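Numbered per the numbering used here, the sequence shown spans residues -2 to 385.
Input: a single structure, listed below in structure tokens.
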Amino acid sequence: MQKPTIRYVVAAVLIAAAAIGGFFVFDAHRRAADIEKTAREVNSRIEEMITTAGDVAAAQRAYVAQGQPQQPWFERTATLLQQFGQLQSATRSLLTSRDALAAIDAVNEQFKTVVLVDGKSREYIEEGESLLAADLIFSEGNESVAAAVKTLRVVEASEQQAVGSLQSDLERQQWGTLAGITVIWFAGLVLLTPARSPQADPSFANLGILERPPADSVSQPAETPATSAPQPDLALVADVCGALARTADVNSLRDALARAASVLQARGIVIWIGAGEELFPALAYGYDDRIVARLGPIPRNASNATAAAWRSAQMRTVPADAASHGAIAVPLSGVSGCVGVFAAELCDGREQDAATQAVASLIAAQLATIVPAWPAPSGSQPLAASGS
């Protein structure tokens, strides 16, 4: 992936995915902690209700015990029944399972029976019918308390099952979220990883000539509509050729290349000089010095437009695509043959424009008359580079 905008969008998506995923996982942990806390509170309240129910049964049995004062037990039973009712209401508000809610409602009905038994047994005692009170307490009273305790165990079991299900769902959601984020990040990193070509220096990926093979054989002037691209100013073209003819040193040549880039509307220019079976970058314009410094030689048999133009001594073009600009490679041909290549990275599809190709050929022809006088480049360092 070459275009910075696309890379920024992918990076933003990755950051957003990580942020959203992190928030979701954090929220899931918080909800799991809340569920666990509520479950512990429900269990605690149910155990307290069971204990209270047992205390109610014991206090009622004390009504008919020989030698026991009855009034203190009446008061204690009333307090315990009130406490049981409060616990029942508070516990119901914490339940999440439908089965547990239905069971706690059944406990409420059983609790009403216990209250009725307590009231009836007190009436019997006040009337002096202790035997009837004892029979009621030890039969229907004990059965009602036992039924309430049994139903409370059902409430506890149903709620524990519901809590376990909720926790499992949260855990699955967390793992699913993490898996989704992992897939997004993997895909994003793949998109952000620059493609490497065995024939190209990856640090110079913007120059399409080094990244892709040329278009079909020899480039032919394209039939371009008059309104598709502005035509080069011939006066400026002549000025560039004159500047190249007057070149005496690297600085003046650099200035001439700047003018050439302006005329061609080129994003960057590289002049390659042949030495043996390799092309070496001698001078560059429009690219960072650090990038140019890492350029290596191009073998004659390399499968890219620069090498193809050198081998054939004919112009080669590389069409633009969605990821990179187009480019043109023009041989520097003189009386001694092709001595190098004039390579330019062009915007807006100008590599297919006939007038642009003609101007590039004129500039290359002028360069061919002066490059033989330059010192032969080394195999590790270009002569000079210039930024735009």
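Heads up, the beta-carbon is just placed ideally off N, CA and C, and yes, glycines get one too.
These numbers come from a predicted model, not from an experiment.
Own chain partners of residue i with C-beta closer than 6 Å, once the 5 adjacent residues on each side are dropped
i      : result
Ile295 : Leu276, Thr303 and Ala304
Ala326 : Ile206, Ala302, Thr303, Ala306, Arg313, Val338 and Ala340
Tyr284 : Gly265
Gln363 : Cys238 and Leu241
Identity of the residue in the options nearest residue i by Cα
i      : options                           : result
Glu45  : Tyr121, Gly18 and Leu149          : Leu149
Leu121 : Gln67, Thr76 and Ala29            : First, the amino acid is wrong: residue 121 is Tyr here, not Leu. Considering only alpha carbons, the answer is Gln67.
Ser321 : Glu342, Gln311 and Val336         : Glu342
Gly82  : Gly185, Arg37 and Thr49           : Thr49
Ser433 : Ala75, His26, Pro227 and Val260   : Within the shown structure, residues of the chain are numbered from -2 to 385, placing residue 433 beyond reach of any answer.
Ala319 : Asp286, Cys344 and Leu233         : Cys344
Asp236 : Gln158, Ser333, Ala352 and Val356 : Val356
Ala272 : Arg37, Thr353 and Val336          : Val336
Residue i, buried or exposed, once every other Cβ within 10 Å from all chains shown has been counted against 16
i      : result
Cys238 : buried
Ser24  : This sequence places Asp at residue 24; Ser is not what is there. By the 10 Å Cβ count, Asp24 comes out exposed.
Leu231 : exposed
Ser118 : buried
Gly323 : buried
Gln65  : exposed
Pro229 : buried
Ala54  : buried
Thr190 : exposed
Val152 : buried
Tyr282 : buried
Reduced DSSP category for residue i - H, G, I as helix; E, B as strand; rest coil
i      : result
Ile47  : helix
Leu292 : coil
Pro218 : At Pro218 the pLDDT is 45, less than 50, meaning the model places this residue with poor confidence; the figure from the coordinates comes in the next sentence. In the structure shown, Pro218 sits in coil (DSSP, three-state: anything other than H, G, I, E or B).
Pro1   : helix
Ala176 : helix
Val332 : coil
Gly19  : helix
Asp318 : coil
Gly337 : strand
Ala62  : coil
Gly323 : strand
Asp350 : strand
Arg313 : strand
Spatial neighbours of residue i in its chain, beta-carbon cut-off 7 Å, leaving aside the 5 residues before and after
i      : result
Val61  : Ser127, Ala130, Ala131 and Ile134
Ser141 : Gln107, Thr110, Val111 and Val114
Pro278 : Val267, Trp269, Val289, Leu292 and Pro379
Thr244 : Leu250, Ala253 and Ile367
Sequence-distant residues of the same chain with beta carbon closer than 8 Å to residue i, five excluded per side
i      : result
Trp182 : Leu11, Ala14 and Ala15
Ser155 : Ser94, Asp96, Ala97 and Ala100
What are the start and end residues of each continuous alpha helix (DSSP H) run of 4 or more residues lying completely inside the stretch 69 to 146, in chain order?
You should have 95 to 123 and 127 to 133.
Minimum length 4: unbroken alpha helix (DSSP H) runs contained in the stretch 249 to 297:
If we require 4 residues or more, the alpha helix (DSSP H) runs fully inside the stretch 249 to 297 come out as 286 to 290.
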